[in-house]
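In terms of full-length UniProt numbering, the sequence shown opens at residue 1 and continues consecutively.
See structure below.
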Amino acid sequence: MTIGIAASGANAGESVRAAVLAAELLGRGAIGGFAVFAAMLHDGKVCHCVTQRGGAAKLAIPDEWLLATRAAAISSGPDRPEPLQQYLPGFDGIGLVSGHRLPNRAGSDGEPLNRAVLRRLASGEMPQHAVDAVLHANDQSDAGLIAVDAQGRIGWGNSQRVASRADLGSFHRSEGGRSLAILHNSIYFMRDTADAVGSLAWGCLGGDTSEYQFLSLPQGVALQTAQSDRIQLDADGNIALIETAAAQISQMSGRFTAVYLGTPVWQGARLIGHVISELIGQVQDGCFVRSLDPASATVVMRRAVHVAS
């Protein structure tokens, strides 16, 4: 597994989904395949949503779950052994355990590592103590673990073996009644974009204003030939017009990189940022573009320094 997330606070479900989606849009590697989303609802019940292919965009997550105050996710490449819930188990009223690498592998006592953490949570241990104890007892296991309990406390860490890898990334923040932890491996980002994953997820929790923003493509939008590339947003911040300087676009139909990497984003007469991912769409007669699927309907923008959210 290449990425694991846990969050607590308002809109924790939206936060973990944002983290997976951002990793898929900005990263390259074993991502965008299987995904498991789990939320603990207000009554303590743990609910799961899974997909074998397509990543975050293919998870049919009910709105109520996105508003949950305790949530977690795990994702990697496609077609993993069933049941997928084994990678992100949870106990009603107790907690959820995500992670990366192989958090479901049996430890030295034969119990899956993630379930061993859950058992410790059920006995009253704090999440960080539970994670540390399991990883200390299994220091050569190929796993990193993230636990969130029913009270919203989060614990996370990597085994000694995993900590020696050169391809790791992480994000952790806790303040004001909200917490977020992300662990990932084998996902490769362009320079200065890896921090967008944590930043976008933290912003969903109501944390500091993110330097980044998701932009969404409606069902269809006008594509216009221009001297230079530009995205124009409407008053609600959705993509209203795509201008492109690509050659021979007027005769084009079919798949096309409608939003090119680095394209400036305008809202009215203001330059508000530049995109740091691309958007591939279905072009019709060179003047109209539709998204191919939910994942391709989203692009990430880095805000201009002078622009507030």
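The beta-carbon is built from N, C-alpha and C at its ideal position, and this holds for glycine as well.
Here Q213 is buried. Its C-beta has 16 or more other C-beta atoms within 10 Å. Contact between the segment 162-169 and the segment 104-123 is absent: fewer than three C-beta pairs spanning the two stretches fall below 8 Å. Per the Cβ contact rule, the segment 76-94 is not in contact with the segment 132-142 (fewer than 3 Cβ pairs under 8 Å). In the three-state scheme derived from DSSP, where H, G and I count as helix and E and B as strand, G203 is classed as helix. With respect to the 8 Å criterion, G99 and M1 are classified as neighbours on the basis of their beta carbons. DSSP places V20 inside the alpha helix (DSSP H), whose first and last residues are A12 to L26. Of E243, G220 and L223, the smallest CA-CA separation from D229 is found for E243.
Where Q213 is concerned, the enclosing beta strand (DSSP E) starts and stops at Y212 to S216. M126 and G155 have their C-alpha atoms some 8 Å from each other. Put simply, the backbone Cα of V265 is about 11 Å away from that of I276.
Rounded to whole angstroms, V16 and A22 show a C-alpha spacing of 10 Å. In the three-state scheme derived from DSSP, where H, G and I count as helix and E and B as strand, P127 is classed as helix. Less than 8 Å divides the Cβ of L180 from the Cβ of R173. Excluding five sequence positions before and after V134, the CB atoms of its chain that fall closer than 8 Å to its own CB belong to G107, L113, A116, V117, R120 and L145, given in chain order. Taking C-beta separations shorter than 8 Å and ignoring five residues to either side along the sequence, the partners of M190 in its chain run L26 and I276, following chain order. Note that the C-beta distance between A72 and I5 is below 8 Å. Of the candidates F256, S186, S291 and G237, S186 places its Cα closest to the Cα of R28. Per the Cβ contact rule, the segment 255-263 is in contact with the segment 276-287 (3 or more Cβ pairs under 8 Å). Taking 8 Å as the upper bound for CB-CB distance, T225 and G152 are not in contact here, some 51 Å apart. Pairing S210 with W202, the inter-Cα distance amounts to about 8 Å. No Cβ-Cβ contact shorter than 8 Å links S253 with D293.
Going by C-alpha positions, G55 is about 11 Å away from C49. Here R255 is exposed, its C-beta having fewer than 16 other C-beta atoms within 10 Å.
Within the same chain, and ignoring the five residues on either side of T193 in sequence, the residues whose Cβ sits closer than 7 Å to its Cβ are L26 and I276. In this structure, L217 lies near A297, with their beta-carbon atoms less than 8 Å apart.
Between the alpha carbons of A38 and A247 lies a distance of about 45 Å. In the DSSP assignment, V265 falls within the beta strand (DSSP E) that extends over P264 to Q267. In this structure, L215 sits near I239, with a CB-CB distance shorter than 8 Å.
Distances from the alpha-carbon of Q52 to those of S170, V46, G44 and S76 put S76 closest. N158: member of the beta strand (DSSP E) spanning I154 to N158, first to last residue.
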